[in-house]
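Worksheet: the structure to be examined is printed underneath.
Protein chains: 2
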Amino acid sequence: MNKAEILIIDDEAQIRKLLQINLESNGYKVIQASTGNEGLVLAASHPPDLILLDIGLPDKSGHEILKELREWYNKPVLILSVQDTEADIVSALDNGATDYLTKPFRTGELLARIRSAIRRSQNTENDSTITCGDLEIDLIARIVKLKGEAIKLTATEYNLLALFAKNEGKVLTHQYLLKEIWGYSYQTETQYLRVFVGTLRKKIEENPNNPQRITTESGVGYRFQ
Amino acid sequence: MNKAEILIIDDEAQIRKLLQINLESNGYKVIQASTGNEGLVLAASHPPDLILLDIGLPDKSGHEILKELREWYNKPVLILSVQDTEADIVSALDNGATDYLTKPFRTGELLARIRSAIRRSQNTENDSTITCGDLEIDLIARIVKLKGEAIKLTATEYNLLALFAKNEGKVLTHQYLLKEIWGYSYQTETQYLRVFVGTLRKKIEENPNNPQRITTESGVGYRFQ
DNA sequence: CAATTCCTTTACAAAATCTTTATAACGCAA
DNA sequence: TTGCGTTATAAAGATTTTGTAAAGGAATTG
């Protein structure tokens with residue numbers, strides 16, 4: 018993955034700064050929110066690869082934020098907290114937190130736990146390259162080859178194709194695709210999908226008028242084979 | 018899931034006992050090993066759903082055990098250790114540990130982290146397919162196969178068939194079917210059902226004039242077998 | 001800051017699906 | 001047999017969904 022994006026939701030500017038410096042120097046792209054609601058909006062409009070969530074937020078408890086996130090967000094959410102009561106930890110983990118670290122944390126450990134969480138979340142059948150007939154997708158290098166020839170895809174086209182490839186054979190609903198590629202708040206923009214599936218077909222199908230790889234499931238979504 | 022199995026690899030009998038009692042009272046099945054090699058053998062001969070691994074083992078370091086395990090075992094491995102140096106934690110996590118807890122640990126937290134790890138590992142492996150004779154319905158991939166051949170169904174046809182399959186053998190009333198597929202306000206549109214049961218029969222019945230799979234219960238509804 | 005690429009949006013044609021109508025067939029009881 | 005309620009099938013019409021092109025904006029790049 019090319020620069021995983023991490024969203025920090027924390028009200029303390031100092032901590033955000035500290036995290037930002039550490040994460041960016043380790044090759045992550047960082048987005049920040051100082052309140053829970055701001056964090057939810059940011060996450061919905063552009064889903065990050067991982068979220069660092071503080072429990073002690075001014076506007077809304079982190080537990081609530083976590084619950085709301087988990088209604089649609091299924092990538093890792095790591096909790097950072099000064100609280101270390103067992104009840105807090107258990108509640109967060111049972112509500113879908115991926116991990117729980119108490120402040121002050123050790124940066125090396127935090128980074129290791131982030132690596133671990135991201136590795137696992139990408140581990141959905143992810144052997145770096147996926148091959149489907151004469152189409153090869155290198156998920157590490159982000160290169161797509163058709164009959165050995167590299168194809169030029171835009172960022173969105175690539176993301177869409179990679180998502181299809183990781184779910185070969187399954188029907189992916191419009192909602193799901195939009196949520197994964199554009200974000201939670203784009204669930205109704207099915208026209209985006211039509212446009213991008215169209216351009217993808219032009220690039221990877223033998224005959225775009227009779228697509229074999231990306232087929233339409235009318236009223237439901239698309240399927241990649 | 019039917020009683021998840023947990024393998025404990027730890028040389029201290031007291032800790033094993035403590036873990037055993039706690040885990041068993043929470044519905045897990047427990048297997049124990051007091052040395053690293055014994056643990057590897059047990060894991061290989063009967064792979065558990067999760068492994069609790071102590072780092073300070075007499076025969077082999079837990080780090081080594083972890084590496085050997087990870088060559089083939091990809092379910093959760095939680096590390097328990099008296100060591101809490103950052104280097105230890107980072108090394109374990111980077112070698113594929115799912116989580117790392119330092120002794121003494123809090124049982125509630127440990128149980129929550131176990132639940133969390135198991136939940137996540139199960140999320141990636143669900144293929145619920147219903148099989149009725151030579152008809153297969155994959156509810157995740159949304160694929161229907163008859164004698165191994167995929168059949169093309171429209172969204173409504175598929176929904177109807179899936180609903181039948183989930184209620185195999187039962188008579189489903191017109192009202193119920195209409196309510197489930199079209200919605201509450203369509204309960205009187207029984208003609209819809211006739212049309213769609215008709216098209217379904219054409220696609221999945223050997224002889225649509227003498228249906229065996231979807232049979233008519235006159236005046237009541239339909240039954241799927 | 002100009003050029004290019006990519007994304008978003010709009011418009012319209014084409015295809016697929018659903019709904020409705022019409023008509024025939026079936027089972028059952030009088 | 002006839003009549004009635006129910007079911008089956010075909011096919012026309014209506015509606016929804018999809019595909020494609022293209023214009024205008026936004027973002028990126030040199």
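Listed in order, the protein sequences are those of chains C and V.
Mapping the first sequence onto this note's numbering, position 88 (from 1) lands on 105, and the numbers just tick up by one.
Mapping the second sequence onto this note's numbering, position 156 (from 1) lands on 173, and the numbers just tick up by one.
Just so it is clear, CB atoms sit at the ideal spot from N, CA and C, and this is done for glycine as well.
Note that this is a predicted model, so its numbers are computed, not measured.
Secondary-structure assignment with DSSP links K120/C through no beta bridge to anything. Interface flag for V99/C against chain V is unset, since no Cβ pair is found closer than 8 Å.
Proximity to G79/C across Y193/C, T119/C, I26/C, G125/C peaks at I26/C, based on C-alpha coordinates. The three-state secondary structure of Q100/V, taken from DSSP, is coil.
For the beta strand (DSSP E) assignment, the uninterrupted runs of no fewer than 3 residues enclosed by the stretch 145-196 of chain C are, from N- to C-terminal side, 146-149, 152-155, 160-163, 166-168, 188-190. A direct Cα-to-Cα measurement between A109/V and K84/V gives close to 9 Å.
No Cβ of chain C is located within less than 8 Å of the beta carbon of A179/V. Annotation: K77/V is outside any alpha helix (DSSP H) and is labelled neither H nor E by DSSP.
Take the alpha-carbon of L24/C and the one of T205/V: they are about 51 Å apart.
For R211/C, the uninterrupted alpha helix (DSSP H) segment begins and ends at 207-221. According to the DSSP assignment, G238/V belongs to the beta strand (DSSP E) that extends over 238-241.
By the criterion of a C-beta distance shorter than 7 Å, A60/V is surrounded in its chain by L24, I68, L86, Y90, once the five residues flanking it on both sides are discounted. A182/V and R230/C have their C-alpha atoms roughly 28 Å apart. Under a criterion of Cβ atoms nearer than 7 Å, the residues of chain C adjacent to R130/V are, in order, L110. P228/C and F241/C have their C-alpha atoms some 10 Å from each other. Residues are counted here when their Cβ sits less than 7 Å from a Cβ of chain V; for the stretch 71-93 of chain C the count is zero. Against S235/C, the close residues of chain V are T171, A172, in the order they occur along the chain (beta-carbon pairs closer than 8 Å). If you check the CB distance, L156/V and K220/V do not come in under 8 Å.
About 7 Å separates the Cβ atoms of I131/C and L95/C, confirming a contact at the 8 Å cut-off. Distances from the alpha-carbon of D71/V to those of N39/V, I38/V, D105/V, I154/V put D105/V closest. Chain V places a beta carbon closer than 8 Å to that of K187/C, counting this residue as a contact. For E22/C, the enclosing beta strand (DSSP E) stretches over residues 22-26. Going by beta carbons, E166/V and L180/V fall outside the 8 Å limit. CA-to-CA, the gap between T102/C and T119/C works out to about 10 Å.
Annotated three-state conformation of E234/C is strand, per DSSP. Following the DSSP letters along the chain, one finds K34/C in no beta strand (DSSP E) but inside the alpha helix (DSSP H) bounded by residues 30-41.
Per DSSP, the continuous beta strand (DSSP E) segment holding A50/V begins and ends at 46-50. Separation of V107/C and V58/V (C-alpha to C-alpha, rounded to the nearest whole angstrom) is 32 Å.
At least one C-beta of chain C is nearer than 8 Å to the C-beta of V107/V. For the pair E126/C and G150/C, the Cα-to-Cα distance works out to about 42 Å.
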